[in-house]
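Peer 1:
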Amino acid sequence: MFQNIPHELATVLIAMIPIGELRGALPIALTVYDLPLWEAYLLSVLGNIIPVVFILWLLDPVSKWLMERSKIMKRFFDWLFSRTHKKHSHRFEKWGAAALITFVAIPLPITGAWTGAVAAFIFGIPFKKALPLITVGVLIAGVIVSIMTLGVSAII
């Protein structure tokens, strides 16, 4: 899919995709594209953060616009907010910022920057607070994925 574009650009693009994010881009950049660790790390982090800016910036006005124009969308967002708050608000109240950072940093399925941005939106975390928290989570995830890909001895 990305064989005809520069490896650096491919790394950024892979990191922007919600399924792969940094967790997919960084190992590919290191093992397939043979990029140096510092470059693979920076490009993967950059690519993972770019969509987060737009998600955090656009999700609130787009959801409000949809809810104003569609009863189905209003019901969906009301259900989503209610269900998510019931299931997870205790974690966010107890752990605060650390909950969002940890959620983004843990390299498991259904965690990451995209989902973290949606969680920040659902819990009403403002853009200026959410973006740095998600960025810290992505930076930590990058270290974890680098260690998992190359091993501790290659990092040190």
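Taken in order, the sequence shown gives residues 359 to 514; the numbers are from my numbering.
Even for Gly, the Cβ is constructed at its ideal location relative to N, Cα and C.
#1: May I ask you to report which of helix, strand or coil DSSP gives F412?
#2: In the structure shown, what three-state DSSP assignment does D392 receive?
#3: Under the three-state reduction of DSSP, which class applies to I467: helix, strand or coil?
#4: Within the same chain, show all residues whose beta-carbon is closer than 7 angstroms to that of S504, passing over the 5 residues directly before and after it, in chain order.
#5: Please list the terminal residues of the continuous alpha helix (DSSP H) segment that includes F435.
#6: In terms of alpha-carbon separation, which member of S402, S440, L380 lies closest to P467?
#7: Looking at the structure shown, is P484 part of a helix, part of a strand, or coil, going by DSSP?
#8: Could you check the C-alpha separation between D418 and F479 for me, to the nearest Å?
#9: First and last residue of the alpha helix (DSSP H) that includes I363?
#10: Among the residues of its own chain, which have a CB less than 6 angstroms from the CB of M431, if the five just before and after it don't count?
#11: Between the alpha carbons of G474 and N362, how many angstroms are there, rounded?
#12: For G495, does the three-state DSSP call read helix, strand or coil?
#13: Could you check what DSSP says for G516 in three-state terms: helix, strand or coil?
Peer 2: Result, derived from the coordinates:
#1: Translated into the one-based positions of the sequence shown, residue 412 becomes position 54. In the structure shown, F412 sits in a helix (DSSP, three-state: H, G or I).
#2: On the sequence shown, residue 392 is found 34 positions in, with the first residue counted as 1. Correct three-state label for D392: coil.
#3: Within the sequence shown, residue 467 is the residue found at index 109, counting from 1. The displayed chain sequence assigns Pro, not Ile, to residue 467. Looking at P467 - three-state DSSP - the assignment turns out to be coil, as it is neither helix nor strand.
#4: If you number the sequence shown from 1, residue 504 lands on position 146. Here the set comprises L384, L395, Y399, I513.
#5: For the purposes of this step, residue 435 is identified with residue 77 of the sequence shown, where counting begins at 1. Taken as a continuous stretch (DSSP letters only), the alpha helix (DSSP H) holding F435 covers 429-453.
#6: Here residue 467 refers to the residue found at position 109 when the sequence shown is read from its first residue. When only C-alpha atoms are compared, the closest one is L380.
#7: Locating residue 484 in the sequence shown gives position 126, where the first residue counts as 1. Three-state DSSP puts P484 in coil, outside helix and strand.
#8: Residue mapping note: residue 418 aligns to position 60 of the sequence shown, counting from 1. Residue mapping note: residue 479 aligns to position 121 of the sequence shown, counting from 1. Straight-line Cα distance between these residues: approximately 7 angstroms.
#9: On the sequence shown, residue 363 is found 5 positions in, with the first residue counted as 1. Per DSSP, I363 belongs to no alpha helix (DSSP H) and is neither H nor E.
#10: On the sequence shown, residue 431 is found 73 positions in, with the first residue counted as 1. Only L424, M425 meet the Cβ criterion.
#11: Translated into the one-based positions of the sequence shown, residue 474 becomes position 116. Translated into the one-based positions of the sequence shown, residue 362 becomes position 4. Roughly 32 angstroms separates the two Cα atoms.
#12: Position 137 of the sequence shown, counted from the start, is the residue given in the question as residue 495. Three-state DSSP puts G495 in a helix.
#13: No statement about residue 516 is possible, as the shown extent of the chain runs from 359 to 514 and does not include it.
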